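Per this note's numbering, residue 5 is the first one in the sequence shown, and the count goes up by one each step. Glycine residues also receive a C-beta, built at the ideal position from the N, C-alpha and C atoms. Since we're looking at a predicted model, the values are computed, not measured. Written out below as structure tokens is the structure these notes cover.
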Amino acid sequence: MLPIRDCVQQTSGYLPGEQPQTTDYIKLNTNENPYSPPSEIFDNLEEELKKVRLYPDPVSTKLRKAASQVFGFPYEQILAGNGSDDILNIALRTFVNPGETVAFLNPTYSLYETITKVHGADIKTIPTNENFELDSPLICPEAKLIFVASPNPPLGKHLNRQYLKETCKQATGVVLIDEAYVDFSDENHWEFIKQYDNVIVSRTMSKSYSLAGMRVGFGISSLAIIEQMNKVRDSYNLDRIAQTLGANCFQFQDYFQGIWQKVRTTRNRLITSLRNLDFFVFDSDANFVLASPQWIEASELYSKLKERKVLVRYFKQPRISNYVRITVGTDAEIDRLLEVIKQLKNES
Ligand SMILES: Cc1ncc(COP(=O)(O)O)c(C=O)c1O
């Protein structure tokens, strides 16, 4: 018998959205950015490729300095991660002993549960209300770490700011605010880092900076927290291509702000159109929407869309099993999605 840890044996592992190996799908299932980054970000890549023999900068200095310009925090307060998932894992391993408690909402980003289980920590889930929102601050005195995403998937809306503030204030452990989708909204939680010394904000370049394939994320917090997390991360946690492309992307703020606005405009059109097609759709602060068709089971809609080469995300999970989550694509992709939905509705 292999000496597999009980907590690993008992975990089914994270189930990512499908990444089809063919290009004939309209891919609206994993919240990637539908627009490519500007081609200039590849200009100095050749130089980096010539250096693949050498290890990358272990502390991602150029990337963190570029992030510092955009985020407005000293680079010493920024930790770079191999995607923001890396930051979540590092936080877990920095602040939580196996057997201690980690708290998060239900439903939320399902990776929190997977990594907490694999770590051997206990989970306390706090249910959201019937609209997937908070009715009160998320309080869990025994939690060494609270993961809280705002905007929170699968709903995609920011959590109530006052409640979140109270969560940070009352927490006895560390609060990690996961801002993976924040650039598609008008709010962020930078001020909580300044107000409370137990708050980490995580950011990713996967969504708003069109770099999901490169795995670049950040943890931003007090010096005291970053110093400890820095000991826990893998020694070369970002490869040199990821560091270079990440730093380059930050030089094109105007371009990216333009595409965030485009995504928001398309998002609003998608929401209105789906409502007109007899879906119940929540508002969204992210690059995806949560929608429940009133004339077909969500699981069936998912399958029928997939047969017609449109991929959306379906979660076979309590509370959200009659919803699909749809990533905001280009206008042409959303037109195609709506066209297929119309056909299916006419056939139903
Ligand atoms: C809330 C949330 N956090 C983090 C991530 C992952 O980000 P990254 O690609 O930087 O690991 C996702 C991806 O779907 C997410 O939904």
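Item                                                                                                                                                                                                      : Value
Note the first and the last residue of the continuous beta strand (DSSP E) segment covering K1.                                                                                                           : The chain is shown from 5 up to 352; residue 1 falls before or after that span and cannot be answered.
So, with DSSP's three-state summary, where would you put R273?                                                                                                                                            : helix
Hey, is G250 close to ligand 1, as in C-beta under 7 Å from one of its heavy atoms?                                                                                                                       : no
Who's in the neighbourhood of ligand 1, going by beta-carbon under 6 Å from any heavy atom, listed in chain order?                                                                                        : N35, G87, S88, D89, Y113, A153, P157, D182, A184, T208, S210, A216, G221
What are the start and end residues of each continuous beta strand (DSSP E) run of 3 or more residues lying completely inside the stretch 199 to 277, in chain order?                                     : 203 to 208, 221 to 224
Once DSSP output is grouped into helix, strand and coil, what is the label at N280?                                                                                                                       : helix
Does the stretch 85 to 105 come into contact with the stretch 122 to 139, if we say contact requires no fewer than three beta-carbon pairs (one atom in each stretch) closer than 8 Å?                    : yes
What are the complete beta strand (DSSP E) segments, minimum 3 residues, inside the stretch 61 to 100?                                                                                                    : 82 to 85
Taking the C-alpha atoms as reference points, what is the distance between S140 and M5?                                                                                                                   : 47 Å
Under 8 Å, do F151 and L92 count as touching if we go by C-beta distance?                                                                                                                                 : yes
Indicate the three-state DSSP secondary structure (helix, strand or coil) for A107 in the structure shown.                                                                                                : strand
Taking P157 as the reference, which of L115, Y167, I197 has the closest Cα?                                                                                                                               : L115
Alpha carbons only, please: which of P60, P145, N164 is nearest the one belonging to Q247?                                                                                                                : P60
Whether or not the stretch 230 to 241 and the stretch 285 to 297 are in contact is what I'm after, with contact meaning three or more pairs of Cβ atoms, one per stretch, closer than 8 Å; do they touch? : no
So what does DSSP say about L348, is it helix, strand or coil?                                                                                                                                            : helix
According to DSSP, simplified to helix, strand and coil, what is R323?                                                                                                                                    : coil
Is it buried or exposed, E195, if we count other Cβ atoms within 10 angstroms and call 16 or more buried?                                                                                                 : exposed
Within the same chain, show all residues whose beta-carbon is closer than 6 Å to that of F284, passing over the 5 residues directly before and after it, in chain order.                                  : S296
Please work out which residues of its chain come closer than 8 Å, Cβ to Cβ, to S40, disregarding the five sequence neighbours upstream and downstream, and give them in chain order.                      : S214
Buried or exposed: where does N86 fall if 16 or more other Cβ atoms within 10 Å of its Cβ makes it buried?                                                                                                : buried
Can you tell me whether L180 is helix, strand or coil according to DSSP?                                                                                                                                  : strand
Specify, as a first and last residue, the run of the alpha helix (DSSP H) that V12 falls within.                                                                                                          : 10 to 13
If you follow the alpha helix (DSSP H) that T171 is in, where does it begin and where does it stop?                                                                                                       : 165 to 174
Straight-line CA distance for D243 to F188?                                                                                                                                                               : 27 Å
Indicate whether E36 and T331 have their beta-carbon atoms separated by less than 8 Å.                                                                                                                    : yes
For V12, count neighbouring C-beta atoms within 10 Å of its own C-beta (all shown protein chains included) and say buried if the count is 16 or more, exposed if not.                                     : exposed
Looking only at DSSP bridge pairs, what is T129 linked to?                                                                                                                                                : F108
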